[in-house]
Amino acid sequence: IRDRYMGIQARFINMTHKLYSTRYGSRQNKILILARYANVEVEHVIFTKLEDFKTPEFFQKNPNGKIPVLETPQGFLFESQAIARYLARQANLYGHSVYEQAQVDQWLDWDTTELSPPLGTLVYDTFGRITVDQEQFSQAWNRVRGLLKILDNYLLHHSFLAGHSITAADIAIASNLWFAFTFLFDEKVRKANPSLTRWFQTVASQPQFTEIWGRVRICRQPLKQLK
Amino acid sequence: LQVICVFFFSSRRRHTRFLPVSWARRCVQETGINAEYMGIQQQQMTNKIYSDVFSYKTQKLQIAATLAGLDYEIVYLKMEDFKKPEFLAKNPNGKIPVLETPQGILLESNAILRYIARTALNTGLYGVNSYENSCVDQWLDWVSNELDPVLFSIVIPILGYTKPDTNAYLDARNNYYRIFTILENHLRQHTYMVGHQLTIADISVAVILVFAFRLCFGEKDRQRFPSIVRHTLTVASQQSFQKFCGRLIICKKEFSPFSELPIEHNDKQKEAKNPKQYQQQQPKKESKKEENS
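Sequence lines, in order, name chains A and B.
Under the working numbering, the first sequence has 215 at position 225, and the numbering climbs by one with no breaks.
Count along the second sequence from 1, then add 7; that gives the number in the working numbering.
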């Protein structure tokens, strides 16, 4: 109902921010969640086909030809982490000191460089977006297990990733892990990483999170690799 | 302030004791015409907390009231004032904290905490739904029935309020590990005590554990119970917590109520580890004692 209301609003009022992306995915959803925290009205312009964001007019917005792209009153922003940081500053979710800000940056960069590649391999292969052979798939799984252990050891001693309250780093990494927790991480993985599970359930139960992602769904039987 | 309190205590009109009553209002009250107007008057009273100068139970209430956005004044009393009839009229138990609301008096720090949380249900201080409300109640009761006596049976001998008794101390130590393991296992799987936000259950646990961290929660315990450390650090980083309880002090080495551990305690430990070795050593000790005597 809220989206319908926002659609009606957009016809009469120019929304300040527009998000160009596909409908549903970890990168765009984290931006929408942060927009809810920041009380920023973001109009979601949804692309359904790959060709839609390879048009020349889209290349003027983002010369890389990739989504998500945020249109702000001042200009266009690409790179989902930069958009996340932009909204986090407005939402006061960027830590309470210079050191905590750096911690948020640290975890966002870790998310981009370390966690996203192998996790993306697993998730996209499971959903059939890409095809990957068995060896690459198991290598990705091993890598992801190691990374989850890093997170778990950190979260044993810290309630949240940066500081003592929820930040953009928690939202970004939880959004990245949402598909995995719902479809890939079975009882074994969750028992091996109890602190990670505890943290994920807390972050994913926040009202702004559930508005975008829906209720927390933890998988019983994991999906297997498509063949 | 105490002089003013005494003056007001002696008044007979208890329901309007703290109001500066003007002549016109007094007429209205005594004729009883406008009861609703009196109700509005009473709401202008602020909440008052009566407490000792330092009490962890009052700190709990102050933190909760700050988080709930509830206005309150605090009245500090001395130990002698608790036995005076003016205070016993409020709380016949003669204990603090006592909250005086416009509607009446509340005793029992846990009940006052629940009252404060209910005035601001949208903050989630009392949980988000009725099940979480009951979970908060559960943990508040657990803290006062299980955690409080066990922890203070160790802390009070350390602080010197009672003479340390070896057997009682050893029993207390066993209970202490049992209770803290329960808390650790719960916090291993939950970020906060109840639900996914800070509640009064978290506040009440953290305020008591301040004593543990300062006195008896040493390096070994902190490694054994990392979730408790994590949870307490999270709650203690709140601004309202630091305003009333100060910075969390963590001891390097834990204190013991005994300057040296008593001989019986050492022997019991050794017996538990190596029963045979202990029995072999016994005759040697006895011979040494004979020599000394």
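By construction, the Cβ of each residue, glycine as well, lies at the ideal position given by its N, Cα and C atoms.
Cα-Cα separation, residue i to residue j
| i | j | result |
| --- | --- | --- |
| glycine 55 (chain A) | phenylalanine 68 (chain A) | 10 angstroms |
| arginine 254 (chain B) | cysteine 223 (chain B) | 17 angstroms |
| threonine 172 (chain A) | phenylalanine 43 (chain A) | 29 angstroms |
| leucine 205 (chain B) | leucine 132 (chain B) | 6 angstroms |
| phenylalanine 66 (chain A) | leucine 83 (chain A) | 22 angstroms |
| glutamate 80 (chain B) | glutamate 139 (chain B) | 29 angstroms |
| arginine 207 (chain A) | isoleucine 189 (chain B) | 27 angstroms |
| glutamine 196 (chain B) | alanine 72 (chain A) | 32 angstroms |
| isoleucine 256 (chain B) | aspartate 115 (chain A) | 50 angstroms |
| proline 58 (chain A) | leucine 77 (chain B) | 43 angstroms |
| histidine 272 (chain B) | leucine 177 (chain B) | Low confidence applies to histidine 272 (chain B): its pLDDT is 44, below 50, so where it sits in the model is not reliable enough to give any reading. |
| glycine 136 (chain A) | phenylalanine 218 (chain B) | 38 angstroms |
| arginine 26 (chain A) | glutamate 47 (chain A) | 28 angstroms |
| glutamate 61 (chain A) | histidine 7 (chain A) | 5 angstroms |
| tyrosine 83 (chain B) | serine 149 (chain A) | 36 angstroms |
| alanine 75 (chain B) | glutamate 93 (chain B) | 30 angstroms |
| proline 171 (chain B) | tyrosine 122 (chain B) | 38 angstroms |
| asparagine 129 (chain B) | glutamate 125 (chain A) | 51 angstroms |
| valine 157 (chain B) | alanine 152 (chain A) | 33 angstroms |
| proline 104 (chain B) | aspartate 148 (chain B) | 17 angstroms |
| histidine 147 (chain A) | leucine 216 (chain B) | 17 angstroms |
| valine 179 (chain A) | threonine 157 (chain A) | 25 angstroms |
| tryptophan 117 (chain B) | isoleucine 210 (chain B) | Here the sequence assigns asparagine to residue 117 (chain B), which means tryptophan is not the residue at that position. Asparagine 117 (chain B) and isoleucine 210 (chain B): Cα-Cα distance of roughly 11 angstroms. |
| threonine 103 (chain A) | asparagine 52 (chain A) | 21 angstroms |
| glutamine 96 (chain A) | leucine 77 (chain A) | 17 angstroms |
| glutamine 245 (chain B) | lysine 139 (chain A) | 28 angstroms |
| glycine 111 (chain B) | valine 60 (chain B) | 23 angstroms |
| valine 201 (chain B) | cysteine 142 (chain B) | 6 angstroms |
| glutamate 261 (chain B) | proline 197 (chain A) | 41 angstroms |
| alanine 0 (chain A) | valine 35 (chain A) | In this prediction, alanine 0 (chain A) has a pLDDT of 49, which is less than 50 and means its spatial position is unreliable; what the coordinates show is noted afterwards. Rounded to whole angstroms, alanine 0 (chain A) to valine 35 (chain A) spans 11 angstroms at the Cα level. |
| lysine 64 (chain B) | valine 212 (chain B) | 11 angstroms |
Residues that residue i contacts on chain A, provided the C-beta gap is smaller than 7 angstroms
| i | result |
| --- | --- |
| glutamine 196 (chain B) | Pro184 and Arg188 |
| threonine 241 (chain B) | Ser149 and His154 |
| serine 244 (chain B) | His154 |
Residues sharing a beta bridge with residue i, DSSP
| i | result |
| --- | --- |
| lysine 8 (chain A) | A:Glu33 and A:Glu61 |
| glutamate 191 (chain B) | According to DSSP, which records beta bridges pairwise, glutamate 191 (chain B) is partnered with nothing at all. |
| serine 58 (chain B) | B:Tyr83 |
| valine 105 (chain B) | B:Tyr57 |
| isoleucine 120 (chain A) | Paired residue(s): none; isoleucine 120 (chain A) is not in a bridge. |
| leucine 113 (chain B) | B:Leu106 |
Neighbour list for residue i in chain A, Cβ cutoff strictly below 9 angstroms
| i | result |
| --- | --- |
| histidine 193 (chain B) | By Cβ distance, chain A contributes nothing, its closest Cβ being about 10 angstroms from histidine 193 (chain B), past 9 angstroms. |
Interface flag, residue i vs chain D, CB-CB below 8 angstroms
| i | result |
| --- | --- |
| glutamine 196 (chain A) | Looking for chain D here will not work: the only protein chains present are A and B. |
Residue i: contacting residues in chain B (beta-carbon distance under 8 angstroms)
| i | result |
| --- | --- |
| threonine 45 (chain A) | Under the 8 angstroms cutoff, chain B gives no residues; its nearest Cβ is about 42 angstroms from threonine 45 (chain A). |
Contact list for residue i against chain B, beta-carbon separation under 9 angstroms
| i | result |
| --- | --- |
| threonine 157 (chain A) | Correct list: empty, because the minimum Cβ distance to chain B is about 13 angstroms. |
| threonine 38 (chain A) | Those within 9 angstroms of threonine 38 (chain A) in chain B number zero; the least Cβ separation is about 34 angstroms. |
Contact list for residue i against chain B, beta-carbon separation under 7 angstroms
| i | result |
| --- | --- |
| threonine 200 (chain A) | Within 7 angstroms Cβ-Cβ: nothing; threonine 200 (chain A) doesn't reach chain B, min ~10 angstroms. |
| threonine 62 (chain A) | Per Cβ cutoff of 7 angstroms: no residues; threonine 62 (chain A) is ~31 angstroms from chain B at best. |
Residue i beta carbon near the ligand GDP (any heavy atom closer than 7 angstroms)
| i | result |
| --- | --- |
| threonine 188 (chain B) | By its list of ligands, the structure shown contains no ligand whatsoever, and the ligand GDP lies outside what it can speak to. |
Starting from the N-terminal side, write out each stretch of the alpha helix (DSSP H) that is 4 residues or longer and does not extend beyond the region 206 to 271 of chain B.
Qualifying alpha helix (DSSP H) stretches, in chain order: 207 to 222, 226 to 231, 233 to 243 and 246 to 252.
For the region 121 to 153 of chain B, which residues have a beta carbon sitting closer than 8 angstroms to at least one beta carbon of chain A?
Using a CB distance below 8 angstroms, no part of the region 121 to 153 of chain B faces chain A.
At a CB distance below 9 angstroms, what residues from the region 226 to 237 of chain B approach chain A? Give them in sequence order.
Listed by position along the chain: Pro233, Ser234, Val236 and Arg237.
What are the residues in the region 120 to 152 of chain A lying within 7 angstroms of chain B by C-beta distance?
The region 120 to 152 of chain A vs chain B, Cβ under 7 angstroms: Leu146, His147, His148 and Ser149.
Could you give the uninterrupted runs of the alpha helix (DSSP H) lying entirely in the region 140 to 212 of chain A, keeping only those of 4 residues or more?
Annotation note: the region 140 to 212 of chain A contains the following uninterrupted alpha helix (DSSP H) runs of length 4 or greater, listed N- to C-terminal: 158 to 173, 177 to 182, 184 to 194 and 197 to 203.
Report the residue ranges of all beta strand (DSSP E) runs contained in full by the region 44 to 109 of chain A; include only those spanning at least 3 residues, in chain order.
If only uninterrupted beta strand (DSSP E) runs of at least 3 residues are considered, those enclosed by the region 44 to 109 of chain A are 59 to 62 and 65 to 67.
Ignoring anything shorter than 4 residues or poking outside the region 112 to 180 of chain B, list the alpha helix (DSSP H) runs there in chain order.
Listed in chain order, the complete alpha helix (DSSP H) runs (minimum 4 residues) inside the region 112 to 180 of chain B are 116 to 126, 137 to 149 and 155 to 166.
Selection of the region 97 to 116 of chain A by Cβ proximity to chain B, strictly under 8 angstroms
Those would be none; no residue qualifies.
Would you list, in chain order, the members of the region 168 to 182 of chain A that have their beta-carbon closer than 9 angstroms to a beta-carbon of chain B?
So the list is empty, because no residue satisfies the distance condition.
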